[in-house]
Amino acid sequence: MITVILLSHGGMAEGMEESTRMLIGEQPGLTSITFEQGDGVDDLTAKLEACLKTALKKGEVIIMTDIPNGTPFNCVCRLAEHYKFHHMTGMNLPMVIDVVSQLSDRAVAGELCRQTLEPSREAIKDVHAWMKELGILE
1 MITVILLSHG GMAEGMEEST RMLIGEQPGL TSITFEQGDG VDDLTAKLEA CLKTALKKGE
61 VIIMTDIPNG TPFNCVCRLA EHYKFHHMTG MNLPMVIDVV SQLSDRAVAG ELCRQTLEPS
121 REAIKDVHAW MKELGILE
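What follows is the structure, given as structure tokens:
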């Protein structure tokens, strides 16, 4: 089993988890952790490490963080020195849905991460320019 842990500043990760469940249903392999105002690096690291240890007992883990070089990202990078898991950053809802919708007993975490990169990038659009391309706008 693959567990996907969403990790962000503020309520973004929790919102991504809620939106994913709304769009594709209950997802037992999906969880979120929030870096809340007033939390320290040690607080976040402890929350993440506890969740990670539990998840690793079940199988592979993919951690998605909101932005490169932010506190959540840095905590994950520190834990990568001690635990084996996959880490993606620049988290967006299409990325989360793409990975989570493919979770199965036969899924491989590294492959899911590689396969979602391009579709996740392609989901980012300048809608005005896109509508011009499609001939909807002049």
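Read in the numbering used here, the sequence shown has 11 at position 11, and its numbers run on one by one without any break.
Beta carbons: idealized from backbone N, C-alpha and C, even for Gly.
Nearest by alpha-carbon distance to residue i: which of the options is it?
i	options	result
E60	W130, T3, E133 and G135	T3
N92	H82, K47 and T116	T116
F9	E133, H128 and F35	Note on identity: in this sequence residue 9 is His, with Phe being the wrong assignment. Minimum Cα distance to H9 is reached at F35.
G25	Q102, C75 and I67	Q102
Y83	T65, T54 and T71	T54
In three-state DSSP terms, what is residue i?
i	result
V61	strand
L30	strand
I5	strand
By Cβ distance below 8 Å, which residues in the same chain neighbour residue i in space, the five residues on each side in sequence not counted?
i	result
A107	I2
Looking only at its chain, what residues have a beta carbon closer than 7 Å to the beta carbon of residue i, apart from the 5 residues adjacent to it on each side?
i	result
P119	P94 and D98
Mind pulling the beta strand (DSSP E) runs of 3 or more residues that sit fully within the stretch 49-112? 60-65 and 86-89
Determine contact between the stretch 87-104 and the stretch 49-58, defined as no fewer than three beta-carbon pairs at a distance below 8 Å. no
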